[in-house]
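These protein sequence lines are chains A and B, in that order. Offset between the first sequence (1-based) and the numbering used here: plus 1. Offset between the second sequence (1-based) and the numbering used here: plus 1. C-beta atoms are modelled at their ideal positions from N, C-alpha and C, and glycine is treated no differently. First comes the structure, then the notes that go with it.
2 protein chains.
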Amino acid sequence: MTQATPSYAPTDLTVPTRYRDRATYDKDAVHAVLDEALHCTIAFQRDGRPMTLPTLHARVGETLYVHGSTGGRFALLDGEPISISVTLLDALVLARSWFHHSLGYRSVVAMGDARVVRDAQERYDAMAALVDKIYPGRTTQSRPPAPKELAATAIVALDLEAVSLKRRGDQVADDEADLDGPYWAGSVPLRTVREAAVPTGDLDPAIALPAALH
Amino acid sequence: MTQATPSYAPTDLTVPTRYRDRATYDKDAVHAVLDEALHCTIAFQRDGRPMTLPTLHARVGETLYVHGSTGGRFALLDGEPISISVTLLDALVLARSWFHHSLGYRSVVAMGDARVVRDAQERYDAMAALVDKIYPGRTTQSRPPAPKELAATAIVALDLEAVSLKRRGDQVADDEADLDGPYWAGSVPLRTVREAAVPTGDLDPAIALPAALH
C-alpha cells in the first residue's frame, strides 16, 4: 500500500459485523484520530489468552509505535499478532428509550503482526515521536537519550494496513413511536482539558516555562 | 472469592513484569477506576489473532458487563478468554530527559473467560447498569426495553477475579544528574469535562431538562 492511496483496504478483519455505516477507511481520518488520542490499548496473546495493556503510542507516516522496557513484554512481541485501538469519547447520547442510549465517539482499531524495531535510526525517530506525542516540541526541550537509555527501550511497530475507524456523532436515534413520549432526550458533550502546566517542586526557579506550554 | 476479601489475589496473569510498585489489587480502588471510566477496550480471539473493540462497560458488584447486538461478535464469546481494560489519563509528565517523559494514569486490566448472560433478571440488571453508566438516573428517565429490544441485546459478563490496577501520579522522576540541567520539568493535568446538556432538535419544548442534568 503506497502513501498515494487515500484509504486502507477493508479486510475481513476490519469490516465490522454491525453498524457498517459507522466505519471508514480514509487514511487522513484514521491518522487524525490516532494523533489526537493520547493513549492506546494494545492486545497480544499470552498462553493462548488475549491480554490488554494501555500504553502511549505515536504515529510516523503509516506506522504506529509503542514502547516499553527491553525487560518487559513488548520486547517479546516480534512477529506476534497484535491489535491496537484508540478511542476518543465525544458525547453521552441520552435517548428517550434505554435501548438507544449511546456514546458519541471516534475509535480506530489496527491489526497486524508486531515488529520489534532494530534499526537505530527508526528506533530514535520512534522515540522522538513518542516524546513529542506527550507534548509537541518536548524533544528539543529535554535531554536526548543516552546510549544506556536507548538500549533499555524496546520499540514495537505496527504497520497500518488492516485499519478501520468507527465513529458515531451525538445525534439521538430514537424510534418513531417514542418521539411523542414524555422523556427528555439529547446529548452531553465531553471534552478533555489540559490545565496549566505545574513545575516540578525541585525546579530551578530561574528556568522559565517554555513558550509552547503557556 | 467473597465480597469480604478486600483485594483480588495477584496471579501470574495480573502481576506486571515491570513497575510492580505501580500495581495494586485493592477492590475498592479497582472499582473506583472501573466506575469512573466511561469506556473500556475488550480483547478476544478471532482466527488465532487478538482483536480489540472499544465499548461501554458497567460494573455490578464483582462482575463487569458489556453489551452488543445478538447479531454481533459479543454473542459468540461464551466461554472464550477475554481481557477488558480501562484507562483514565490524569496528566502529561514532562521530564528533563526524553527517557523520563511519561503519563499520569490509572488503568485496570481484567482477564478471564467471558460468560454470555442468559438469566433474564441478570440481563435486565446489566442493561440498567449500562444505561445508568452513560448518565446516572437515566433508567428512570427513559423508556425501559421492550421484549424485542431485550431479545436483540447480547450481554457479556466478566467476573472480576484476575484483576489489577496500575497507577502513576504526575511526579517527575528525573535522574539525579539531570536535576541541575537547563530544562524545564513539570506536569500538565488533564481533566474530562462534561459540558451543558443539549436537547435533541425534535424535542417537545415543554419537556424540561431533568434536574440530574443541570
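| Item | Value |
| --- | --- |
| Which residues, in chain order, does the stretch 138-162 of chain B contribute to contact with chain A at a C-beta distance below 7 Å? | Arg139, Thr140, Gln142, Ser143, Arg144, Pro145, Pro146 and Glu150 |
| By Cβ distance below 8 Å, which residues in the same chain neighbour methionine 2 of chain A in space, the five residues on each side in sequence not counted? | Any reading at methionine 2 of chain A must be qualified, since the residue scores a pLDDT of 47, below 50, and its modelled position is unreliable; no value is offered. |
| Any contact of the stretch 66-83 of chain B with the stretch 97-108 of chain B, i.e. 3+ C-beta pairs under 8 Å? | no |
| Within 10 angstroms of its Cβ, does lysine 167 of chain B collect 16 or more other Cβ (buried), or is it exposed? | buried |
| Mind checking which residues open and close the alpha helix (DSSP H) that includes isoleucine 135 of chain A? | 121-135 |
| Name, going along the chain, the residues of the stretch 188-207 of chain B whose beta-carbon falls closer than 7 Å to a beta-carbon of chain A. | Ser188, Val189, Pro190, Leu191, Arg192, Thr193, Val194, Arg195, Glu196, Ala198, Val199, Pro200, Thr201, Asp203 and Leu204 |
| Who are the Cβ neighbours of threonine 71 of chain B in its own chain at under 6 Å, not counting the five residues just before and after it? | Ala153 and Ala155 |
| Closest Cβ-Cβ distance between methionine 2 of chain A and chain B: below 9 Å? | At methionine 2 of chain A the pLDDT is 47, less than 50, meaning the model places this residue with poor confidence; the figure from the coordinates comes in the next sentence. No, no contact with chain B. |
| Taking the beta carbon of arginine 144 of chain A as the centre, do at least 16 other beta carbons fall within 10 Å, making it buried, or is it exposed? | buried |
| Going straight from the alpha carbon of histidine 40 of chain B to that of aspartate 91 of chain A, what length do you get? | 11 Å |
| Pick out the complete beta strand (DSSP E) segments inside the stretch 15-83 of chain B, 3 residues or longer, and give them in chain order. | 41-47, 50-56, 58-61 and 64-70 |
| Is the separation between the beta-carbon of alanine 197 of chain A and that of proline 190 of chain B shorter than 9 Å? | yes |
| What residue ranges within the stretch 126-198 of chain B form continuous alpha helix (DSSP H) runs of no fewer than 4 residues, ordered along the chain? | 148-152 |
| What residues in the stretch 51-84 of chain B have a beta carbon less than 8 Å from any beta carbon of chain A? | Pro51, Met52, Thr53, Leu54, Pro55, Leu57, Gly69, Ser70, Gly72, Gly73, Arg74, Pro82, Ile83 and Ser84 |
| Around the Cβ of valine 194 of chain A, are there at least 16 other Cβ atoms within 10 angstroms (buried) or fewer (exposed)? | exposed |
| Tell me which same chain residues have a C-beta within less than 7 Å of the C-beta of alanine 129 of chain A, skipping the five on either side of it? | Thr140 |
| Under three-state DSSP, which class holds leucine 204 of chain B? | coil |
| Pull up the DSSP beta-bridge partners for alanine 92 of chain B, would you. | B:Gly105 and B:Pro190 |
| Determine the DSSP secondary structure at threonine 3 of chain A, reduced to helix, strand or coil. | Because threonine 3 of chain A carries a pLDDT of 49, less than 50, the predicted location of this residue cannot be relied on, and the following value inherits that uncertainty. Three-state DSSP puts threonine 3 of chain A in coil, outside helix and strand. |
| Can you look up alanine 226 of chain B in the DSSP assignment and give me helix, strand or coil? | Lying before the first or after the last residue shown, residue 226 of chain B is absent from chain B, which here runs from 2 to 215. |
| The ligand NAD and phenylalanine 45 of chain B: does the residue's C-beta get closer than 8 Å to at least one heavy atom of that ligand? | Summarising the ligand content, the structure contains no ligands, and the ligand NAD is consequently not present. |
| I need the straight-line Cα distance from serine 165 of chain A to threonine 15 of chain A, nearest angstrom please. | 6 Å |
| For alanine 24 of chain A, which option in A:Ala121, A:Ser108, A:Gln46 and A:Ala76 has the closest C-alpha, if you only look at C-alpha atoms? | A:Ser108 |
| Is valine 61 of chain B near aspartate 114 of chain B, with beta carbons less than 9 Å apart? | no |
| Can you pull the chain B residues whose beta carbon is under 9 Å from the beta carbon of serine 98 of chain A, in chain order? | Ser143, Arg144, Pro145, Pro146, Ala147 and Glu150 |
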